[in-house]
Amino acid sequence: MKHRPIVICAALAISPARPALAAEALESGFVVETYATGLALPTAIESLPDGRLLVGEKDGAMWIIVDGVVQQPPFARFQPFTLSECGLLGLAVDPDFATNHFVYVFITITAEEQQIIRLTESGGVGTQQTIIRDHLPTRGVNHNGGGLDFGGDGKLYFSIGDNAVPDNAQDMSTLAGKICRINADGSTPDDNPFRTPTDEPRAIFALGFRNPFRFCFGADGRLFVLDVGSQGAQRREEINLVSAGDNGGWPNVEGAPPAGQDEFLAPIYTYQEEGSAPVGALVYTSTAFPAEYHSNLFHLDYQLNRLYRTVLDGDRVVSHSTFVQGELGPVDLAQGTDGALYYCELFGGQIKRVRYAPEDPDAADGAPDDDSLSPFQLPSQCGCGAAGTMAGMLLTFAAAGARRTRCRAAR
Numbered sequence: 002m003k004h005r006p007i008v009i010c011a012a013l014a015i016s017p018a019r020p021a022l023a024a025e026a027l028e029s030g031f032v033v034e035t036y037a038t039g040l041a042l043p044t045a046i047e048s049l050p051d052g053r054l055l056v057g058e059k060d061g062a063m064w065i066i067v068d069g070v071v072q073q074p075p076f077a078r079f080q081p082f083t084l085s086e087c088g089l090l091g092l093a094v095d096p097d098f099a100t101n102h103f104v105y106v107f108i109t110i111t112a113e114e115q116q117i118i119r120l121t122e123s124g125g126v127g128t129q130q131t132i133i134r135d136h137l138p139t140r141g142v143n144h145n146g147g148g149l150d151f152g153g154d155g156k157l158y159f160s161i162g163d164n165a166v167p168d169n170a171q172d173m174s175t176l177a178g179k180i181c182r183i184n185a186d187g188s189t190p191d192d193n194p195f196r197t198p199t200d201e202p203r204a205i206f207a208l209g210f211r212n213p214f215r216f217c218f219g220a221d222g223r224l225f226v227l228d229v230g231s232q233g234a235q236r237r238e239e240i241n242l243v244s245a246g247d248n249g250g251w252p253n254v255e256g257a258p259p260a261g262q263d264e265f266l267a268p269i270y271t272y273q274e275e276g277s278a279p280v281g282a283l284v285y286t287s288t289a290f291p292a293e294y295h296s297n298l299f300h301l302d303y304q305l306n307r308l309y310r311t312v313l314d315g316d317r318v319v320s321h322s323t324f325v326q327g328e329l330g331p332v333d334l335a336q337g338t339d340g341a342l343y344y345c346e347l348f349g350g351q352i353k354r355v356r357y358a359p360e361d362p363d364a365a366d367g368a369p370d371d372d373s374l375s376p377f378q379l380p381s382q383c384g385c386g387a388a389g390t391m392a393g394m395l396l397t398f399a400a401a402g403a404r405r406t407r408c409r410a411a412r
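Positions in the sequence shown are counted from 1; adding 1 to them yields my numbering.
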């Protein structure tokens, strides 16, 4: 993952304390509000069929949230390895949760191993911890993946990054840099696309990915994989539509493959803003939003502090636009049973809810309103005596009676 930017005014660094930010919906009729607070580095969120939310924290704690209240005792508490991007990284809910009450956790256990663990929910607590897949690769630093979700075929999919070793992505002897597919009990399906030299099925479903923190499925079963780009001039943040046996191309290509390299998958969309990092994603299936939002792909960007809306026409991206701006490290996204979108912000320690409520006085009118953001006072040494608001990566300064001035945060 790329480093977060440091906000600098002239040569003077503003206090490292993070100012309070207000989320801002950018499309008419939508409201962004704080749903739950008091969490510590939340990394993963899932909606349970009964309306409760399940949230995991980087340090291994898991919580049930009901009506915006974090429930006690914790759902579960693990002791993961948490250096850098390690820790509790992903959650999934069994399609048959209503009958079996199974939930799944992707977690870094040591500097050399990650695991997928199944728990059984009973009275709001996770019981019967069962390791269903162990010895998943990590180097104890970054590009660990952690995406975890069930496909429409009932299989459990998970993603692992290249562990910051680019060649891993093309190496069939490791699960690093891959999208994987297993049965719910951890065994490997016989119909997976790759096999070992002894004709045993591999867990690998697709290869050639750099840092696929998150992926999601559409209602039609299509698999969308978000891959975080590199630091070089060739950098591309990717949205990929992935099928069995596909090769995303990393590290041989990034973005669309050049002519003559048809063996590599071409992303359906890329973007290239400095410091960006696409993460939590879902395809919207509720009717709580207007009809034009149905089947849209929504995804977060951790670095740019955005929730994006992607309009699709079949396999083609019609538009990709900022839907919500202004959070502190959003990392994972879920659709609630009420049709609202819920996401966790890593540094804010909060769960935010995005709902459609055109009658609400706080609903967006379709145009950003900088005055709605929380102000902070610049140090007096700056000499401007102005107050500023931070809207994502933009700073807006307005002294009394003066015109507004905008500048970008230094990276």
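The beta-carbon is built from N, C-alpha and C at its ideal position, and this holds for glycine as well.
Under three-state DSSP, which class holds residue i?
i	result
residue 264	coil
residue 99	helix
residue 171	helix
residue 294	helix
residue 409	Residue confidence is low: residue 409 scores 39 on pLDDT, short of 50, so the model does not pin down where it sits. Its coordinate-derived value is still stated next. Correct three-state label for residue 409: strand.
residue 285	coil
residue 357	strand
residue 314	strand
residue 390	Reliability fails at residue 390, whose pLDDT of 35 lies under 50, so the model's placement of it is uncertain and the value that follows must be treated cautiously. Strand at residue 390.
residue 117	strand
residue 144	coil
residue 306	coil
residue 176	coil
residue 53	coil
residue 128	strand
residue 301	strand
residue 258	coil
residue 328	coil
residue 322	strand
residue 135	strand
residue 26	strand
residue 86	coil
residue 111	strand
residue 188	coil
residue 279	strand
residue 384	Reliability fails at residue 384, whose pLDDT of 35 lies under 50, so the model's placement of it is uncertain and the value that follows must be treated cautiously. Of the three classes helix, strand and coil, the one that applies to residue 384 here is coil, per DSSP.
Leaving out five residues on either side along the sequence, give the residues of the same chain with a beta carbon under 7 Å from the beta carbon of residue i.
i	result
residue 122	102 and 104
residue 150	93, 158, 216, 217 and 218
residue 58	40, 41, 42, 43, 44 and 89
residue 323	27, 307 and 309
Relative to the C-alpha of residue i, which residue among the options is closest?
i	options	result
residue 238	279, 201 and 226	279
residue 313	243, 284 and 73	284
residue 209	324, 233, 258 and 274	258
residue 40	91, 346 and 366	346
residue 366	335, 325, 90 and 338	325
residue 234	275, 226 and 290	275
residue 192	186, 344, 358 and 156	156
residue 213	148, 29 and 270	148
residue 81	142, 126 and 341	142
residue 135	320, 358 and 114	114
residue 320	349, 294, 288 and 305	294
residue 339	30, 23, 35 and 50	50
residue 140	112, 125, 129 and 119	112
residue 187	167, 342 and 95	95
residue 99	48, 358 and 117	48
Could you pull out every residue in the same chain whose Cβ sits closer than 8 Å to the Cβ of residue i, ignoring the five residues on either side in sequence?
i	result
residue 370	Any reading at residue 370 must be qualified, since the residue scores a pLDDT of 44, below 50, and its modelled position is unreliable; no value is offered.
residue 201	189
residue 70	37
residue 152	158, 182, 218, 222 and 224
residue 236	230, 255 and 273
residue 1	The displayed coordinates of the chain run from 2 to 412. Any statement about residue 1 would go beyond what the structure contains.
residue 1	Within the shown structure, residues of the chain are numbered from 2 to 412, placing residue 1 beyond reach of any answer.
residue 227	213, 214, 215, 216, 238, 239, 240, 241, 279, 280, 282 and 300
Please work out which residues of its chain come closer than 6 Å, Cβ to Cβ, to residue i, disregarding the five sequence neighbours upstream and downstream, and give them in chain order.
i	result
residue 416	One cannot answer for residue 416 here, as it falls past the ends of the chain, which runs 2 to 412.
residue 62	75 and 78
residue 303	278, 280, 330 and 332
In the DSSP assignment, find the unbroken beta strand (DSSP E) run with residue i in it and report its ends.
i	result
residue 91	89 to 94
residue 333	331 to 336
residue 179	179 to 183
residue 150	149 to 151
residue 342	342 to 346
residue 160	157 to 161
residue 76	Per DSSP, residue 76 belongs to no beta strand (DSSP E) and is neither H nor E.
residue 43	43 to 48
residue 66	62 to 67
residue 31	31 to 37
residue 271	270 to 272
Cβ of residue i less than 8 Å from any chain B Cβ?
i	result
residue 197	Although the question refers to chain B, the structure presented lacks it and comprises just one protein chain.
Can you determine whether any heavy atom of the ligand MG sits closer than 7 Å to the C-beta of residue i, and answer yes or no?
i	result
residue 282	Looking at this structure, you won't find the ligand MG or any other ligand, since it has none at all.
Contiguous beta strand (DSSP E) assignments of at least 3 residues, all confined to the region 194 to 250: 205 to 208, 215 to 218, 224 to 228 and 238 to 243
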